[in-house]
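K.L.:
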Amino acid sequence: MRLFYAVQLPQGAKEFLAKIQGTIKNNSIKGNFSFIDNLHLTLAFIGEVDERREKVLREILHTSFEGEKEFSLVIKGLGNFKRGNKDIVWAGLEESQELLTLQQILAQNLTKEGFSLDNREFKPHITLGREVVLKEGALDIPFSPFKFTVEKISLMNSLRVKGRLVYIPIETVNLIKGKKT
């Protein structure tokens, strides 16, 4: 299984991002764009694991997030990571101390259990497309920030179904309702 931890986005946020993504597609020469159901915010990528380690990862999900309260995030801005002559295109987020704290707790719990994580600094983003070749000014898309509530965090499985990449939650923690910032 190829696993990662993610904030699952509510439908309204996915639809908002899909509209922006459509504009980016029209302003691109080519690219592989994420399906709306696959839009998410990765907290930690684990990679290939066996069944025994999967069980530990499920436990870490609960240890890290059970009892935590819902919080808000704001989608704000677009950007890209260069990979050769192609780009990974993403939607950015307003800085959130709640998100950073939860990601750090997760990273500490994973390290404690012997999982090695990427040493790069956590840069929260939602991937909209990979291997994108952008036209000039393709990301100059004005939009109002979009606020949404983080309600659940999941351990996700990445697999191919009929040649299509699909992300399936295999374990989810629902955050406690009440705190909306």
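Numbering-wise, our numbering puts 58 at position 52 of the sequence shown, and it's gapless, one number per residue. A virtual CB, placed ideally from N, CA and C, is assigned to each residue, including glycine.
Just verifying my parser: in three-state terms, what is the DSSP assignment at Ile30?
P.N.:
For the purposes of this step, residue 30 is taken as residue 24 along the sequence shown, with counting starting at 1. Note: Ile30 maps to helix in three-state DSSP.
K.L.:
Taking just the CA atoms, how far does Asn33 sit from Met7?
P.N.:
Locating residue 7 in the sequence shown gives position 1, where the first residue counts as 1. Locating residue 33 in the sequence shown gives position 27, where the first residue counts as 1. Taking the straight line joining both Cα atoms gives about 35 Å.
K.L.:
Contact criterion: CB-CB distance below 7 Å. Does Gln110 meet it with respect to chain B?
P.N.:
Absent from the structure: chain B. Only one protein chain is present.
K.L.:
Could you tell me the alpha carbon to alpha carbon distance between Val179 and Asn125, rounded to whole angstroms?
P.N.:
Counting from one through the sequence shown, the residue named residue 179 turns up at place 173. Counting from one through the sequence shown, the residue named residue 125 turns up at place 119. Straight-line Cα distance between these residues: approximately 26 Å.
K.L.:
Can you grab the Cα-Cα spacing for the pair Pro175 / Pro148, in whole Å?
P.N.:
Residue 175 sits at position 169 when you count from the first residue of the sequence shown. Residue 148 sits at position 142 when you count from the first residue of the sequence shown. Their backbone Cα atoms lie some 32 Å apart in a straight line.
K.L.:
Given this structure, state the Cα-to-Cα distance separating Gln27 from Asn115, to the nearest angstrom.
P.N.:
As a working mapping, residue 27 is identified with position 21 in the sequence shown. As a working mapping, residue 115 is identified with position 109 in the sequence shown. Straight-line Cα distance between these residues: approximately 34 Å.
K.L.:
Excluding five sequence neighbours on each side, which residues of the same chain lie with their C-beta closer than 8 Å to the C-beta of Glu21?
P.N.:
Taking the first residue of the sequence shown as 1, we reach residue 21 at position 15. Only Ile42 meet the Cβ criterion.
K.L.:
Are there 16 or more other CB atoms within 10 angstroms of the CB of Phe87, so buried, or fewer, so exposed?
P.N.:
Numbered from 1 along the sequence shown, position 81 holds the residue referred to as residue 87. Exposed: under 16 other Cβ atoms inside 10 Å.
K.L.:
Determine which residues share a DSSP beta bridge with Glu54 and list them.
P.N.:
The count along the sequence shown starts at 1 and reaches residue 54 at position 48. Glu54 pairs with Arg8.
K.L.:
Could you tell me how far apart the beta carbons of Lys82 and Gly184 are, in whole angstroms, since I believe they sit closer than 8 Å?
P.N.:
Translated into the one-based positions of the sequence shown, residue 82 becomes position 76. Translated into the one-based positions of the sequence shown, residue 184 becomes position 178. Rounded, the Cβ-Cβ distance is 24 Å, inconsistent with contact.
K.L.:
For Gly90, count neighbouring Cβ atoms within 10 angstroms of its own Cβ and tell me buried if that reaches 16, exposed if not.
P.N.:
Residue 90 sits at position 84 when you count from the first residue of the sequence shown. Classification of Gly90: exposed, given that the 10 Å Cβ count is below 16.
K.L.:
Going along the chain, which residues of its own chain have a beta-carbon closer than 8 Å to the beta-carbon of Leu99, five neighbours each way excluded?
P.N.:
Reading the sequence shown from its first residue, position 93 is the one you call residue 99. Same-chain partners within the cutoff: Leu47, Leu79, Val80, Ile81, Lys82, Leu105, Pro130, His131 and Ile132.
K.L.:
Using three-state DSSP, classify Phe22 as helix, strand or coil.
P.N.:
Residue numbering aside, residue 22 sits at position 16 when the sequence shown is read from its first letter. Phe22 falls in the helix class under three-state DSSP.
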